């Protein structure tokens, strides 16, 4: 099984989180960067990883978003790649299942880029898409302070801490590449998460197969 793990960084948050990108323009944020890695479920090794900054088409990266992911408007304009070329490369990847942490968010960001920024047809990924944030809820069991008796959805850093027994390096969080590689490492290490994601044949045969960012 070929597992495609991906993450995005964006210009911000959606105006209405409950409205899918398919049905409304100017609601979901624009892509600032996208990264993905191909995980071989038979060996547990990462075969390759890609990361791209996106060249803005007609949008501006707000300073408050830059504070989170570190990518400025000037950097994106100078070093960014064509949105169409990057997403075309992503969509031509050969995989069996796709995984993201908070997959609902990343799927809608992707759909917004395809449908509203590129004006291209897009009805969703053609293979199953699974969410490590949803799968990790009953693993981490972090109390939900807003709902008595329930657990909150774990941040990627919280899931990493639960699995690895140590926190990730803070300065590397909120980079789409490092977040992608952190998630790969979590999947490689945690059999429970692999079972919850339905990719139980991912087995780590030796320490060298762990992809460390």
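In UniProt numbering, the protein residues as written are 1 to 213. We put the CB at the ideal spot given by N, CA and C, even for glycine. On a predicted model such as this, the values are computed, not experimentally measured, just so you know.
Flag this pair as yes or no: are the beta carbons of residue 3 and residue 199 separated by less than 7 Å? yes
With distances taken Cα to Cα, identify the nearest neighbour of residue 181 among 192, 95, 157. Between residue 181 and the set 192, 95, 157, the nearest pair of CA atoms involves 157.
Please state the DSSP three-state secondary structure of residue 96. coil
Taking only heavy atoms of the ligand FAD into account, decide whether any of them is closer than 6 Å to the Cβ of residue 10. Judged by which ligands are present, the structure shown has none, so any question about the ligand FAD falls away.
With a 10 Å radius around its C-beta and 16 neighbouring C-beta atoms as the bar for buried, classify residue 11 as buried or exposed. Its Cβ being crowded by 16 or more others within 10 Å, residue 11 is buried.
Quick check on DSSP: helix, strand or coil for residue 105? helix
Is residue 32 closer than 7 Å to residue 71 when the C-beta atoms are compared? yes
With a cut-off of 8 Å, do at least 3 Cβ pairs link the stretch 108-126 to the stretch 11-22? In short, these stretches touch, since the Cβ pair count reaches three.
Whole-Å CB distance - residue 129 paired with residue 98, under 8 Å assumed: 5 Å
Going by Cα to Cα distance, which pick from 35, 1, 9, 13 is closest to residue 177? 35
To the nearest angstrom, how far is it from the Cα of residue 197 to the Cα of residue 144? 22 Å
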